[in-house]
Structures are given as C-alpha cells and as structure tokens.
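In the working numbering, the protein residues as written are 13 to 345. All C-beta atoms in this analysis are idealised placements derived from N, C-alpha and C, irrespective of residue type, glycine included. Bear in mind the structure is a predicted one, so any value in this text is a computation, not a measurement. One structure is given here, and the rest of the page talks about it.
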Amino acid sequence: MAFGNITGILLEEIIAIKGKLRMNLSRLVVPSRSFSASAVRNAAINQVTVIGSGLMGAGIAQVAAQTGHKVNLVDLNDDVLKKAENSIKTSVSRVAKKQFKDDTEKGNKFIDETLTNITYMTDNNRSVATADLVIEAIIENVEIKRKLFSSLDKAAPSHTIFASNTSSLPIKDIAESTTRLDRFGGLHFFNPVPVMKLLEIIRIPETSDATYNKMVEWGKNMGKVTVTCKDTPGFIVNRLLVPYMMEALRMLERGDASARDIDTSMKLGAGYPMGPLELADYVGLDTSYYIVKGWAEKYPDNTLFENVPLLEKLIKEGKFGVKSGEGIYSYKK
Ligand code: CAA
Ligand code: NAD
C-alpha cells in the first residue's frame, strides 16, 4: 500500500497531505510490516473479509463495498459465489436507483465502484491475509463455526478483529476456538442487510475496549445504527422475534387460523411489515430451525424455545422458505 512507510504520522496528517483522497478518514488503514503492532491494532478498518456468501454474507459484503471497504467474499465453491454475485448486482442496482434516482451517471458510478470493491474467492486462509476485520456468516452450527475460526486464527494477522454474525449461538463459545478473545465480538446484521438499519454489537467479557470501539465506529461507517448487547441468547432482536415466529407456527400447527390470516393480522393489526410466517420463510426455515433447536437443547426448561414439530417437518421436506422456493408458502414462479 502507498502509505506503508509513513510510520508514526497521524492519520489526520496523512489525510491533509493527501487532500485529494476521497477515502473517509475512518477507513484509511495501513496494514504494513513497518508499523508497530500497536499502531496496526489502532488503525481503522479498511479491508473486510466476509465468510459465507448466502443471504447475510452477500448483504454484509455489499454494504461494506458500498461504503468504500475492500471486501473478500468467501464461500465453499464458485457456483455459490456466482449466485451471491448476481444477488449483489440486483440489490446494488435497487440501492442505486433509490439513492441516485435523478442522476443515472452517479448511480452507475456507485454500482461500478461497489462491484469493483468485492473479490470473490474460495480460499479461507488467503482471504484473511490482509484483513482488518473478518465477519463469519456461515451455517448456524457452533462446531462448524469453531472449526472455521480456529483455522482462520492461524492465517490472519494479529491485528485482525474476528466477528460472528450468528443469530443465536453464544459468541464466547465460538471465540474460544481462537487465541484472540480480546479481538473477538458479535456483529449481528439483519436481513435484508442493505435495507435494515440495525447492527447489534455483542461484547464478551474478554472483548477489549479498543476492539469494541472499532466495531462501533465501523458499524457507523457502514451506515448502521448500533446497539450493544451482552452475549445472551438471541441478543436483543432474536430473543423477542424468534419466540414470536415460533408461536405463529404453533398457532398454524394447531389450526387456530390459516397462514394468510395470521400474517394479515400481524401486518394490519400490529403494523409489522411482514407477518411472522412470511418472515420465517424470508429468514430461512433452516436457520430458524437451527436457532430453536440449539436453544431447546441448551435451555430444555424454557417453553418459549420448545421445538416446533411443523418446522421440523418442513425442514425434512427440504422446504427452507424463499431461498429454496418453498416453505410455509410457495415461491415457485
Ligand atoms: N436490496 C436492496 N434494496 C432492497 C432489498 C434488497 N435485498 N429488498 C428491498 N429493498 C428496498 C427496495 O428497493 C424498496 O425501496 P423503495 O421503497 O425505495 O422502492 C424497499 O426496500 C422496499 O422493498 P419492496 O417494495 O420490494 O418490499 P417491501 O416494501 O415489502 O419491503 C422488506 C421489503 C424491506 C424486506 C420489508 O418487508 C421488511 O422490512 N420486512 C421485515 C424484515 C425483517 O424483519 N428483517 C429482520 C429479520 S430477523 C434477522 O435478520 C435476524 C436473524 O438473525 C434471523
Ligand atoms: P445461508 O444458508 O443463506 O448462507 C450460508 C452460506 O455459508 C452458504 O452459502 C454456505 O455455502 C456457506 N458456508 C457454509 N459453511 C461454510 C464454510 N465452512 N466456509 C465458507 N462458507 C460456508 O445462511 P444465512 O441466512 O446467510 O445465515 C448465515 C449466518 O447468519 C447464520 O449464522 C445465521 O444464523 C446468521 N443470520 C441469519 C439471518 C437471516 O435472516 N437469515 C439474519 C442474521 C443472522
């Protein structure tokens, strides 16, 4: 990087010298061997790696790229990555249409710059070689997440902050697979990431103030409103939202009302943008199932977390919601 040998100069001074640089100060980062370890640790987040390119990973990568970060987006194979690339292209066009509705040229520039900022790859270790922040958004399974982070811990530079986007798993259980508990936290985004304004930031007791502050600052740079929560099941939103979605499934299972009427009721009677069953399909029934299954195993006495047989049946039938074309509703064209 161009500023690799300007050790010791404050970032503000660099900005002054490079007055023409359009890059936001808070994102200017200098990952260089000539920097002391503490200087590198204090540098801001510029290079982001997102592991998992599904619903959430693609959205996080897109928003990071839109806000000027260089992003490596990683998944298991090229086919999945191609799908993610297509969904990002569609989504970023929607954002551009909205943000630059009176200026097509600026809109096209925004699209080009966003897409150029993302590199797609399948090599986890290579993807983190120069990362300032790694966000994991893979399947909701603690053992698989731990295995991933344990391997990334050996490949990533020491200053790199690790974060999980898990919906329900204890951040500490995942963090303990690494040697960097002070540089570990939860960054919980919401679906669809380009639209939902909230970012939950989760600290474990070991998360350092420096790491926490950087996560907050980065969240703001991503254009999100941040809230902070302890490492408690479901954090804030899912602790309320998931039992609500499960209760709607139980209501459907009992035959109290039709799926359409349950959803219509919560939209028109409670002002939600989607009904609970539509939302479960949108989130992914598989993800919802893993969340509740994990909690039911961990907290067997809490009736809010009880398994829902209807959900289990749909999963066994391969009905994962919008992503698979069928869930509680059918999305087949
Ligand atoms: N990318 C970019 N823009 C998008 C988008 C996407 N993927 N999806 C929607 N939009 C934009 C559209 O361009 C549109 O913009 P305009 O209004 O300017 O035209 C706007 O969002 C509304 O979209 P639509 O008209 O297509 O549809 P809608 O009005 O029904 O809104 C929705 C769609 C934003 C998803 C809305 O239904 C909604 O807010 N649903 C609830 C979502 C929710 O609760 N998410 C949280 C899930 S829980 C979670 O994420 C945590 C977890 O761990 C499980
Ligand atoms: P998804 O099924 O859409 O995507 C997961 C992706 O991870 C898939 O593309 C899969 O191929 C990939 N993957 C799995 N194992 C991998 C590995 N070892 N290395 C690289 N890639 C791997 O799931 P999602 O909905 O994006 O959820 C991802 C995470 O985000 C989960 O922890 C989930 O709980 C959380 N989350 C989901 C939502 C939601 O609404 N769906 C919201 C917030 C958080």
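Let me confirm a value: Gly267 is counted as buried when at least 16 other C-beta atoms fall within 10 Å, else exposed. Which label applies?
That one is exposed.
What number of angstroms, rounded off, separates the C-alpha of Thr349 from the C-alpha of Met133?
Nothing about residue 349 can be read from this structure; the chain reaches only from 13 to 345.
Within the chosen definition, does the segment 171-178 reach the segment 94-101 through at least 3 CB pairs nearer than 8 Å?
These segments do not touch.
Comparing C-alpha positions only, which one of Pro312, Leu297, Thr128, Arg158 sits nearest to Glu324?
When C-alpha distances from Glu324 are compared across Pro312, Leu297, Thr128, Arg158, the shortest belongs to Leu297.
Grab the span of the alpha helix (DSSP H) containing Tyr132 for me, first residue to last.
Careful: Tyr132 lies outside any alpha helix (DSSP H), inside the beta strand (DSSP E) at 130-133.
To the nearest angstrom, report how far apart Gly66 and Gly281 are at their CA atoms.
Going from the Cα of Gly66 to the Cα of Gly281 covers about 32 Å.
Looking at the ligand CAA, does it come within less than 7 Å of Phe196, judged from the CB to the closest heavy atom?
No, the Cβ of Phe196 stays beyond 7 Å of every heavy atom of the ligand CAA.
Which residue wins for smallest C-alpha separation from Phe202, given the options Asp91, Thr191, Gly231?
When the alpha-carbon of Phe202 is set against those of Asp91, Thr191, Gly231, the nearest one is in Gly231.
Whose C-beta lies closer than 7 Å to the C-beta of Ile156 among residues of the same chain, with five residues either side of it excluded?
Counting only Cβ-Cβ distances below 7 Å, and skipping sequence neighbours, we find Ile150.
Would you check whether the ligand NAD has a heavy atom nearer than 7 Å to the C-beta of Asp87?
Checking every heavy atom of the ligand NAD against the Cβ of Asp87, one is found closer than 7 Å.
Alpha carbon to alpha carbon, how far is Phe112 from Asn129? Give it in angstroms, no decimals.
Straight-line Cα distance between these residues: approximately 19 Å.
Roughly how far, in whole angstroms, is the beta-carbon of Glu152 from the beta-carbon of Tyr302, given that I think they are within contact range, below 8 Å?
Glu152 to Tyr302, Cβ: 4 Å. Contact.
Close-in-space but distant-in-sequence residues of the same chain around Met68 (CB under 7 Å, 5 per side omitted)
Correct list, in chain order: Ala149, Asn177, Phe201, Asn203, Val205.
According to DSSP, is Leu67 part of a helix, a strand, or is it coil?
Per DSSP, reduced to three states, the secondary structure at Leu67 is helical.
Where does Leu88 fall in DSSP's three states?
Leu88 sits in coil when the DSSP states are folded into three classes, being neither helix nor strand.
Ignoring anything shorter than 4 residues, give me the alpha helix (DSSP H) runs that lie fully in the segment 294-330, in order along the chain.
Here the runs fully enclosed are 297-310, 321-328.
Could you tell me the alpha carbon to alpha carbon distance between Ala51 and Arg138, rounded to whole angstroms?
For Ala51, the predicted model reports a pLDDT of 49, less than 50, meaning its position is unreliable and no value from the coordinates is stated.
Any heavy atom of the ligand CAA closer than 7 Å to the Cβ of Pro204?
True, at least one ligand heavy atom lies under 7 Å from that Cβ.
Answer with buried or exposed for Lys331, where buried requires no fewer than 16 other C-beta atoms within 10 angstroms of its C-beta.
Taking every protein chain shown into account, the CB of Lys331 has 16 or more other CB atoms within 10 angstroms, so this residue is buried.
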